[in-house]
Amino acid sequence: MNQNTINLIEQYYAAFNSADMATFLNLLTDDVIHDINQGKREIGKEAFTQFMACMNHNYKEQLVDMVIMATADGSRAAAEFTVLGEYLQTDEGLPVAQGQKYRLPAGAFFDIRDNKVARITNYYNLQDWIAQVSA
1 MNQNTINLIE QYYAAFNSAD MATFLNLLTD DVIHDINQGK REIGKEAFTQ
51 FMACMNHNYK EQLVDMVIMA TADGSRAAAE FTVLGEYLQT DEGLPVAQGQ
101 KYRLPAGAFF DIRDNKVARI TNYYNLQDWI AQVSA
């Protein structure tokens with residue numbers, strides 16, 4: 001495993017968990033590809049910035065139980081973790097937010113270029129999340 005890539009992904013999630021969006025976004029390439037779970041593909045740091053603004057408005061999340069893996073050449077990585085969250089504001093097309101708490105297993109896949117994240121693909125079970133916030 002490539003320690004530089006593992007360190008990059010650790011920094012990425014540490015910035016996420018501390019809500020340090022400046023550091024978080026600085027770890028991305030300008031043309032970053034973001035594959036949204038069960039959604040569309042967005043390209044570019046500006047689109048990712050807008051996505052994160054919406055996420056931070058609607059949800060409060062911490063990622064725990066992190067396991068990070070990387071290829072020997074450092075060009076790809078994967079992470080598995082648990083999302084501990086609170087649903088703050090209703091997101092379009094989803095159940096009404098009432099401060100519901102949730103715990104959700106999730107994972108992510110990365111392409112790395114020039115020691116920055118060039119692609120992030122997130123996966124989690126949306127139906128599990130909907131069931132938790134609808135209970």
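So in UniProt numbering, spot 128 of the sequence shown is number 128, and the numbers just go up one at a time. We treat Cβ as the ideally placed atom computed from N, Cα and C, and that holds for glycine.
I'd like to confirm the pairing. Which residues does DSSP put opposite residue i in its beta bridges?
i: A79; result: I68 and A108
i: Q62; result: L84
i: T121; result: D35 and F109
i: Y102; result: G85
Quick check on residue i: does DSSP put it in helix, strand or coil?
i: A97; result: coil
i: Q127; result: helix
i: T29; result: strand
i: E42; result: strand
Using the Cα positions of residue i and residue j, report the straight-line distance between them to the nearest angstrom.
i: D91; j: S18; result: 22 Å
i: V67; j: E10; result: 10 Å
i: I120; j: G44; result: 11 Å
i: L126; j: M1; result: 30 Å
Cα-Cα, which of the options is closest to residue i?
i: D35; options: D114, R103, Y123 and S134; result: Y123
i: R103; options: V64, T121, G93 and F110; result: V64
i: Q132; options: F48, K101 and N7; result: K101
i: D114; options: Y59, A97, G74 and M55; result: G74
i: L8; options: G99, Q62 and A118; result: A118
Does the separation of the CB atoms of residue i and residue j fall below 7 Å?
i: K116; j: L27; result: yes
i: A72; j: F109; result: no
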